[in-house]
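Down below is the structure, laid out as C-alpha cells.
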Amino acid sequence: MQGIIGARVYPLANPLMTDTRYSNFLFYCLLFVLLWLPLPFGSKPEWAMGILQILVFVLAAFWLVGYAFKAVNLTPGFRKGLPILAALLLVAGWLEIQSLSLPASMVQGLSPVAYQFQVDAATALGQTLPDAFSLSLDPFASHLHAMLTLAYALLFALALLLVNDQRRLKWLAWAIVAGGGFQAVFGVLSTLSGLEWSFFIDKEAGRGVATGTFVNRNNFAGHLEMAMAIGIGLLVSQLQETRARDRMEWLRNTLKTLMSSKVLLRAILAAMVIGLVMSRSRMGNTAFFSSLLATGFLYAVCRKTLSRGMIILFLSLIVIDTVIVSQWFGLDKVVERIEQTRMDTELRADVNPVSLVIIGDFVLTGSGAGSFYTTLPAYHDGTWRGFFDLAHNDYLQFPLEFGVPAFLLLVFSVVFGLWQAIQAMRQRRNRLYIGMGFGAAMGLVALLIHSTVDFNLQIPANAALFVVLLAIGVLARHLPTAKAGRRC
Numbered sequence: 001m002q003g004i005i006g007a008r009v010y011p012l013a014n015p016l017m018t019d020t021r022y023s024n025f026l027f028y029c030l031l032f033v034l035l036w037l038p039l040p041f042g043s044k045p046e047w048a049m050g051i052l053q054i055l056v057f058v059l060a061a062f063w064l065v066g067y068a069f070k071a072v073n074l075t076p077g078f079r080k081g082l083p084i085l086a087a088l089l090l091v092a093g094w095l096e097i098q099s100l101s102l103p104a105s106m107v108q109g110l111s112p113v114a115y116q117f118q119v120d121a122a123t124a125l126g127q128t129l130p131d132a133f134s135l136s137l138d139p140f141a142s143h144l145h146a147m148l149t150l151a152y153a154l155l156f157a158l159a160l161l162l163v164n165d166q167r168r169l170k171w172l173a174w175a176i177v178a179g180g181g182f183q184a185v186f187g188v189l190s191t192l193s194g195l196e197w198s199f200f201i202d203k204e205a206g207r208g209v210a211t212g213t214f215v216n217r218n219n220f221a222g223h224l225e226m227a228m229a230i231g232i233g234l235l236v237s238q239l240q241e242t243r244a245r246d247r248m249e250w251l252r253n254t255l256k257t258l259m260s261s262k263v264l265l266r267a268i269l270a271a272m273v274i275g276l277v278m279s280r281s282r283m284g285n286t287a288f289f290s291s292l293l294a295t296g297f298l299y300a301v302c303r304k305t306l307s308r309g310m311i312i313l314f315l316s317l318i319v320i321d322t323v324i325v326s327q328w329f330g331l332d333k334v335v336e337r338i339e340q341t342r343m344d345t346e347l348r349a350d351v352n353p354v355s356l357v358i359i360g361d362f363v364l365t366g367s368g369a370g371s372f373y374t375t376l377p378a379y380h381d382g383t384w385r386g387f388f389d390l391a392h393n394d395y396l397q398f399p400l401e402f403g404v405p406a407f408l409l410l411v412f413s414v415v416f417g418l419w420q421a422i423q424a425m426r427q428r429r430n431r432l433y434i435g436m437g438f439g440a441a442m443g444l445v446a447l448l449i450h451s452t453v454d455f456n457l458q459i460p461a462n463a464a465l466f467v468v469l470l471a472i473g474v475l476a477r478h479l480p481t482a483k484a485g486r487r488c
C-alpha cells in the first residue's frame, strides 16, 4: 500500500516492520525461559519438562508470526548454525520414529534384539503377537524425549535468531550468570541455615550439601560450571589490553573498574565458586578447574599471547577463590572425597561394562530414548545392587538409547559448536566476542568432562543451557560488530 502526499510517494510502513518492540519482547521472553528452567528441580520432573516444551514451542510460534509479518528476520548467525540445528532436528525425528508402531518384519530387521524383547514380553503375558512393534522398549518415554529434543533444537535456533547484536549477546551472558548466581546463593544459604529447601519444599536428598533447586548436587555443579564459564568470558571481555602509561592512568583505570559491573561480576563468580565447593561434587570441581586451565591454554594458542591481565585473572580465580575463599567453605572435604575415591567401590562403575554390551546389541537403532531403566535389568548379571534409571555416563547412555548413528550426530553438533567458539577466540578482535568464545568453549569442555561420570545432559535445564552455549559459540564467531560493513 502506498500513500500519496503531493507529488511524492511514501510507503505506508508496517508497524511491526519498523518497531523493534516485538523483537525485544521475544528476546526478553527467551531470557525468562533460561532463568526459569533450573528452578523446578532442573526441569527434570515430567510436569516441568512439559512447561519447558510449552514455553519454547510458544516462543517459537510467536517468532514465526513475527516473521510472517516481517517483524523479525533470519540472521547471519542462524544461517551459520544450520548444521547444528539440522543435526538436532534429525535426532528429534529419529527419536519419534523409535516410538512409532512399525511392521513387525521391519523392527525385526532393524533391531532383532528389540523385536525379541517384545515377543518374549507378549508371550510371557499370554498375549497374541501383534502385527506391529516399536524400535523403542519404552515408546512413551521415547516420544517425550523426541519432543524434548525438538524443544532443545528450537531453543538453539531462537538464541541465534533473537541475539542479533553485541548488546543482546551481553544481556544473554548476564542472564546466564544471574541464574547461576541465584542457584549458588540459594544453595549455600539453604545449607548453612539448616533449612535445606529445594523448590519450595524440603530436600529429600542431598542434605548437608548445596544443591540449589536441583535434586542432585552433581547436576547443580554442572549448571554452575557452565554459568561460571560464561561469567569468566565476560571478565575476559573486560580485560585491559594495554598497560597504564603512568600512575594517574593506572588510578583512573582502577577507579573505573571499581565503579563498573566487573566488581559485581567478580562477586557473583566468587559466590558460584563457593556454591560449587559446597556441593562436594568431585567431578564438578575437577571439571571446572580442568576446563579453566584447558581453555586458558587454548586462549594462549589462539591469541598467540597471554596478557598480564589474563594471567592476573587466572591467578585470582585459582588462588583467591580456591585457596582463600573456598577453604572457608569446605574445599578440604572435596579434596578428601576425591582422594578416597576408588573405582572398585563406586556403584556407577559396575554397570559400564554391561552398558557397552547393550550398545552392541542396539548399535543401529538404540533401545529407545528414556529406556535405560527398562533395558538394564534384562542384562543384570548379579554384579551390582540398586536401581539405575540413568547410566551416570552420558557417553554410554546416548549411544545405548539413541543408537550410534544418532549419537554421532550429537557429537558432530558439539564439535561444530566448540570449533566455532575456538575460532571466535582466534579470529575475532572485538573483546566481547573473544570473551564469549572463551566462555562458551570453557562451559562446553567442563560439561563434556563432567559427563564422563554423571548425567548432566539428561537434566533438561542443563541440556538446554548446553545448547545455548553452542549457540553462543556460533554467535561469538559470526555476529557483526557495531560498525557496519567492517568484519572483525
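Mapping to full-length UniProt numbering: the sequence shown position 313 is 313, numbers consecutive. For glycine and all other residues, C-beta sits at the position ideal for the given N, C-alpha and C. From a predicted model like this one, the values you see are computed outputs, not experimental measurements.
Return the Cβ separation of residue i and residue j in integer angstroms, given the expectation that the two are a contact with Cβ distance under 8 Å.
| i | j | result |
| --- | --- | --- |
| Gly443 | Val215 | With a Cβ gap of about 22 Å, Gly443 and Val215 do not count as contacting. |
| Val468 | Leu155 | 7 Å |
| Phe362 | Leu376 | Not a contact, Cβ separation roughly 12 Å. |
| Ile449 | Ser193 | No, Ile449 and Ser193 are not in contact; Cβ-Cβ is about 32 Å, not under 8 Å. |
| Val209 | Met147 | Not confirmed; about 33 Å, so no contact. |
| Asn456 | Gly222 | 4 Å |
| Leu292 | Leu317 | 7 Å |
| Gln397 | Leu390 | 7 Å |
Does the Cβ-Cβ distance between residue i and residue j come in under 8 Å?
| i | j | result |
| --- | --- | --- |
| Glu225 | Ala287 | yes |
| Ala406 | Val91 | yes |
| Ala421 | Ala440 | yes |
| Leu235 | Ala173 | no |
| Met106 | Leu298 | no |
| Leu160 | Ala471 | yes |
| Ala68 | Tyr22 | no |
| Leu137 | Ser355 | no |
| Val185 | Ala271 | yes |
| Ser99 | Pro139 | yes |
| Leu135 | Leu102 | yes |
With a threshold of 16 other CB atoms inside 10 Å of the CB of residue i, please say whether the residue is buried or exposed.
| i | result |
| --- | --- |
| Thr20 | exposed |
| Asp202 | exposed |
| Pro130 | exposed |
| Gly296 | buried |
| Arg280 | buried |
| Asn24 | exposed |
| Pro353 | exposed |
| Ile283 | Per the sequence shown, residue 283 should be read as Met rather than Ile. So Met283 ends up on the buried side. |
| residue 497 | The structure shown does not extend to residue 497, since the chain is modelled only from 1 through 488, so no value can be given for it. |
| His143 | buried |
| Ala205 | exposed |
| Val415 | exposed |
| His380 | exposed |
| Met1 | With a pLDDT of only 40 at Met1, under 50, the local geometry of the prediction cannot be trusted, and no value is derived from it. |
| Thr305 | exposed |
| Arg217 | buried |
| Gln269 | The question names Gln, yet the displayed sequence has Leu at residue 269. Buried, by the Cβ-count rule. |
| Trp94 | buried |
Suppose the cutoff is 7 Å on Cβ atoms and the five residues either side in sequence are ignored; what does the same chain contact list for residue i look like?
| i | result |
| --- | --- |
| Gln423 | Arg477 |
| Gln118 | Phe133 |
| Leu169 | Val163, Leu432, Met436, Leu475 and Leu479 |
| Leu82 | none |
| Asp196 | Per the sequence shown, the amino acid found at residue 196 is Glu instead of Asp. The answer, listed in chain order, is Ser190, Asp202, Lys203 and Arg207. |
| Leu158 | Leu30, Leu59, Ala60 and Trp63 |
| Thr374 | Leu137 and Asp138 |
| Tyr152 | Leu88, Ala463, Ala464 and Val467 |
| Leu110 | Leu135, Leu364 and Thr365 |
| Thr452 | Asn393 and Tyr395 |
I'd like the list of long-range same chain contacts for residue i, defined as Cβ closer than 6 Å, with 5 residues on each side in sequence excluded.
| i | result |
| --- | --- |
| Gly473 | Gly417, Gln420, Ala421 and Ala440 |
| Arg303 | none |
The ligand ATP heavy atoms versus the CB of residue i: any closer than 7 Å?
| i | result |
| --- | --- |
| His478 | In the structure shown, the ligand ATP is absent, as is every other ligand, since no ligand is present at all. |
Leaving out five residues on either side along the sequence, give the residues of the same chain with a beta carbon under 8 Å from the beta carbon of residue i.
| i | result |
| --- | --- |
| residue 489 | Outside the displayed span of the chain (1 to 488) sits residue 489, for which this structure offers no information. |
| Leu313 | Ile232, Leu235, Val236 and Leu239 |
| Met17 | Caution applies to Met17, whose pLDDT of 42 falls short of 50 and renders its modelled position unreliable; the model cannot decide the point. |
Contact the segment 356–371 vs the segment 392–407: 3+ CB pairs below 8 Å:
Yes: at least three Cβ pairs fall under 8 Å.
Is the segment 114–124 touching the segment 29–39, taking contact as three or more C-beta pairs under 8 Å?
Using a Cβ-Cβ distance cut-off of 8 Å, the segment 114–124 and the segment 29–39 are not in contact, since fewer than three pairs of beta carbons, one from each stretch, lie closer than that value.
Using 8 Å as the Cβ pair cut-off and three pairs as the minimum, do the segment 471–480 and the segment 64–78 touch?
Contact between the segment 471–480 and the segment 64–78 is present, because at least three Cβ pairs lie under 8 Å.
So, does the segment 163–181 touch the segment 35–53, judging by three or more C-beta pairs under 8 Å?
Touching, per the Cβ criterion.
Would you check if the segment 455–470 and the segment 46–63 touch, i.e. whether three or more CB-CB distances between them fall below 8 Å?
Three or more Cβ pairs closer than 8 Å define a contact, and the segment 46–63 meets that threshold against the segment 455–470.
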